[in-house]
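First the structure, in the form of structure tokens, and then the observations on it.
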Amino acid sequence: MNKPKFVYVTYIRTTPEKLWAALTNPQTIKKYWFGMTVETDFKVGSPWRPKFEDGRAADTGEILESDPPRQLVIRWRNEFKPELKAEGYSRCTMAIEMADYYPDVGGKAVKLTVMHELEGEGAKFIEAVSGGWPKVLSNLKSLLETGDVAFRVEAA
Amino acid sequence: MVEIAKFKPNTVYVTYIAATPEQVWQALTDPAFTRQYIFGFALEIEPRVGGAFKLLTADGSTHVKGEVLDLSPPRRLSCTWGVKGMQDFGELPDCVVTYEIETSGETMKLTLTESRSWDVPSAILAGGRAGWPKIISGLKSVVETGKRLRMAMEGPPPGMIEAAQRAIAEKPWERR
């Protein structure tokens, strides 16, 4: 039986180094993750604690792997919705690969795969991140390609 | 005639685009745009329900062929979709591909859905699941930046050809 999981792939005109920086720089994260403040140094074993703009804890967890500019793995539990927190910890893997390079058209695509898997059983947490990740990653892609996000307020 | 009620979504891919619904609609239906993000394929569409829908390669041969099921600019485009340009998949039943454009706060939400009428093995779905993120990422780049994000179409993922051959031999879609 497979664990409940969500996978999202996006291709971005950038470099692995710039994408890694965007995934690990708190100022940049705040721009594309709708104002979320992330407190962590992104070192293995360090705590990871995103907070809403009003200071409430959104999630808590720990950095499990940090291999710049290739792979970041975070152990992750929701903190602000009791029914999601009750499903316990998840494991979020962000993997960066070079896709294709076409110098003739200035095309340079980096593949970002986000795989978010629940450690235990349950469907609500994965359903929630399935709605959230496309918004956050669409914003990240826009920010890297155009210098601005697609939207600042997370729509329902 | 396609019995649309039999089709269930197998693959859903959502992206948000800083554009108007009309701009996204144009990118979906104008061959000058589709060439830039669907691996060089030009879309040819008869803009009416029941009209023909094709994706043509640069030399004019048909890669994908289908029929328009819904054409509601700038909100919804739905077509049957049969891959004719790869001999291993030509005898699989057509799937249904639907694009939906919704306003979502300050931005546009584009939802791509690939649906099938039969209990399709994930090894067959893997082809679309590898291709759609490239296509839709490319569409977003073209619309937002005016520049294409050129990417190569990958060959079929491991196990896909075998799964398609097995399905074509056993025809599970004819079972009741």
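So the protein lines, in turn, are chains A and B.
The opening position of the first sequence corresponds to residue 112 in the numbering used here, with each subsequent residue numbered one higher.
The opening position of the second sequence corresponds to residue 47 in the numbering used here, with each subsequent residue numbered one higher.
Beta carbons: idealized from backbone N, C-alpha and C, even for Gly.
Inset, instruction - List the residues that DSSP assigns as beta-bridge partners of L229 (chain A). - result: Translated into positions along the first sequence, residue 229 (chain A) becomes position 118. Its beta-bridge partners are A:S201.
Legend entry - Q133 (chain B) burial status per 10 Å Cβ neighbour count (16 or more: buried): Position 87 of the second sequence, counted from the start, is the residue given in the question as residue 133 (chain B). The residue is exposed, with fewer than 16 neighbouring Cβ atoms inside 10 Å.
Inset, instruction - Output yes if chain B places a C-beta closer than 9 Å to the C-beta of E265 (chain A); else output no. - result: Within the first sequence, the letter at position 154 stands for residue 265 (chain A). It does; some Cβ of chain B falls within 9 Å.
Inset, instruction - Give, in chain order, every residue of the segment 145-167 of chain B whose Cβ lies closer than 7 Å to some Cβ of chain A. - result: S150, G151, E152, T153
Inset, instruction - Examine chain A for any beta-carbon lying closer than 9 Å to the beta-carbon of D170 (chain B), and answer yes or no. - result: To locate residue 170 (chain B), count along the second sequence from 1; it is residue 124. For clarity, residue 170 (chain B) is Ile in the given sequence; the question names Asp instead. With its beta carbon at least 9 Å from every one in chain A, I170 (chain B) lies outside the interface.
Legend entry - Sequence-distant residues of the same chain with beta carbon closer than 8 Å to E226 (chain B), five excluded per side: Residue 226 (chain B) falls outside the range modelled here, since chain B spans only 47 to 222, and no answer is possible.
Legend entry - Stretch pair the segment 86-96 of chain B + the segment 61-70 of chain B: three plus CB contacts closer than 8 Å: no
Inset, instruction - Name, in chain order, the residues that DSSP records as bridge partners for S118 (chain B). - result: Position 72 of the second sequence, counted from the start, is the residue given in the question as residue 118 (chain B). Answer is B:R122.
Legend entry - Contacts around K142 (chain A), its chain only, beta-carbon distance under 7 Å, and the 5 residues preceding and following it disregarded: Locating residue 142 (chain A) in the first sequence gives position 31, where the first residue counts as 1. Answer for K142 (chain A): L254, V260, listed in chain order.
Inset, instruction - Can you give me, in chain order, the residues of the segment 245-262 of chain A that have a beta carbon less than 9 Å from any beta carbon in chain B? - result: P245, K246, L248, S249, N250, K252, S253, E256, T257, D259, V260, A261, F262
Legend entry - Burial state of T149 (chain B), where buried means 16 or more other Cβ atoms lie within 10 Å: As a first step, residue 149 (chain B) must be located in the second sequence, where it is residue number 103. Of the residues assessed, T149 (chain B) falls on the exposed side of the cut-off, its CB having fewer than 16 other CB atoms within 10 angstroms.
Legend entry - Separation of T80 (chain B) from D215 (chain A), as counted between CA atoms: Along the first sequence, one-based indexing puts residue 215 (chain A) at 104. Along the second sequence, one-based indexing puts residue 80 (chain B) at 34. Its pLDDT being 47, under 50, D215 (chain A) is placed unreliably by the model, and the measurement read from it follows with that caveat. Rounded to whole angstroms, D215 (chain A) to T80 (chain B) spans 19 Å at the Cα level.
Legend entry - Burial state of S118 (chain B), where buried means 16 or more other Cβ atoms lie within 10 Å: The residue given as residue 118 (chain B) occupies position 72 in the second sequence. Per the 10 Å Cβ criterion, exposed.
Legend entry - Per-residue DSSP class, three states only, for N113 (chain A): The residue given as residue 113 (chain A) occupies position 2 in the first sequence. Here N113 (chain A) sits in coil by DSSP.
Inset, instruction - Assign S157 (chain A) to one of two classes, buried (16 or more other C-beta atoms within 10 Å of its C-beta) or exposed (fewer than that). - result: Within the first sequence, residue 157 (chain A) is the residue found at index 46, counting from 1. Exposed is the call here.
Inset, instruction - Provide the residue span of the alpha helix (DSSP H) that contains P193 (chain A), from first to last. - result: Reading the first sequence from its first residue, position 82 is the one you call residue 193 (chain A). Start and end: 193-196.
Inset, instruction - Might you give, ordered along the chain, the residues of its own chain that have their beta carbon closer than 7 Å to the beta carbon of N189 (chain A), omitting 5 neighbours on each side? - result: For the purposes of this step, residue 189 (chain A) is taken as the residue at position 78 of the first sequence. So the qualifying residues of the chain are D170, L195, K196, F236.
Inset, instruction - State yes or no: is the beta carbon of I282 (chain A) nearer than 9 Å to at least one beta carbon in chain B? - result: A question about residue 282 (chain A) goes unanswered here, because the residues of chain A that appear run from 112 up to 267.
Legend entry - Reduced DSSP category for A209 (chain B) - H, G, I as helix; E, B as strand; rest coil: Position 163 of the second sequence holds residue 209 (chain B). Correct three-state label for A209 (chain B): helix.
Legend entry - V48 (chain B) in three-state terms, based on DSSP: By one-based count along the second sequence, residue 48 (chain B) stands at place 2. In this structure, V48 (chain B) counts as coil in the three-state DSSP scheme.
Legend entry - CB contact flag (I174 (chain A), K154 (chain A), <9 Å): As a working note, residue 174 (chain A) is residue 63 in the first sequence. As a working note, residue 154 (chain A) is residue 43 in the first sequence. Using a Cβ distance threshold of 9 Å, I174 (chain A) and K154 (chain A) count as a contacting pair.
Legend entry - Unbroken alpha helix (DSSP H) run spanning R175 (chain B), endpoints: Working through the second sequence from its first residue, we reach residue 175 (chain B) at position 129. That run of the alpha helix (DSSP H) goes 168-191.
Inset, instruction - Measure the C-alpha to C-alpha separation of E128 (chain A) and V129 (chain B) and round it to an integer number of angstroms. - result: Reading the first sequence from its first residue, position 17 is the one you call residue 128 (chain A). Reading the second sequence from its first residue, position 83 is the one you call residue 129 (chain B). Taking the straight line joining both Cα atoms gives about 37 Å.
Legend entry - C-beta neighbour in chain A for A64 (chain B), strict 9 Å: Residue numbering aside, residue 64 (chain B) sits at position 18 when the second sequence is read from its first letter. Yes, because at least one Cβ of chain A sits closer than 9 Å to the Cβ of A64 (chain B).
Inset, instruction - Let me know if F135 (chain B) comes out buried or exposed under the rule of 16 or more other beta-carbons within 10 Å of its beta-carbon. - result: Along the second sequence, read from residue 1 onward, the residue named residue 135 (chain B) stands at position 89. When all chains shown are included, F135 (chain B) counts as buried.
Legend entry - Closer than 9 Å to chain B by CB, V120 (chain A): Working through the first sequence from its first residue, we reach residue 120 (chain A) at position 9. Answer yes: the Cβ-Cβ gap between V120 (chain A) and chain B drops below 9 Å somewhere.
Legend entry - Cα-Cα separation, G177 (chain B) to N56 (chain B): Taking the first residue of the second sequence as position 1, residue 177 (chain B) is located at position 131. Taking the first residue of the second sequence as position 1, residue 56 (chain B) is located at position 10. G177 (chain B) and N56 (chain B): Cα-Cα distance of roughly 14 Å.
Legend entry - For I91 (chain B), three-class secondary structure by DSSP: The residue labelled residue 91 (chain B) in the question sits at position 45 within the second sequence. Of the three classes helix, strand and coil, the one that applies to I91 (chain B) here is strand, per DSSP.
Legend entry - Cβ-Cβ distance between A206 (chain A) and F191 (chain A) below 9 Å: Counted from its first residue, the first sequence places residue 206 (chain A) at position 95. Counted from its first residue, the first sequence places residue 191 (chain A) at position 80. No, they are not a contact pair.
Inset, instruction - Would you please verify whether the beta carbon of P77 (chain B) is less than 9 Å from any beta carbon of chain A? - result: One-based indexing of the second sequence puts residue 77 (chain B) at position 31. Output row for P77 (chain B): interface = no.
Inset, instruction - Count the other C-beta atoms from every protein chain shown that fall within 10 angstroms of the C-beta of G201 (chain B), then say buried if there are 16 or more, exposed otherwise. - result: In the second sequence, residue 201 (chain B) corresponds to position 155, counting from 1. By the 10 Å Cβ count, G201 (chain B) comes out exposed.
Inset, instruction - Could you name the residues of chain A that V60 (chain B) contacts, counting a contact when the two beta carbons are closer than 7 Å? - result: In the second sequence, counting from the first residue as 1, residue 60 (chain B) sits at position 14. Neighbours of V60 (chain B) on chain A, chain order: P245.
Legend entry - Bridge partners - Q85 (chain A), DSSP secondary structure assignment: Lying before the first or after the last residue shown, residue 85 (chain A) is absent from chain A, which here runs from 112 to 267.
Inset, instruction - State the start and end residues of the unbroken beta strand (DSSP E) segment that holds I147 (chain B). - result: Residue mapping note: residue 147 (chain B) aligns to position 101 of the second sequence, counting from 1. It spans 141-150 - the beta strand (DSSP E) in which I147 (chain B) sits, taken as one unbroken run.
Inset, instruction - Starting from T191 (chain B), find everything on chain A with Cβ-Cβ shorter than 8 Å and list it in chain order. - result: Within the second sequence, numbered from 1, the residue matching residue 191 (chain B) stands at position 145. Going along chain A in sequence order, the residues near T191 (chain B) (Cβ under 8 Å) are R124, E256, T257.
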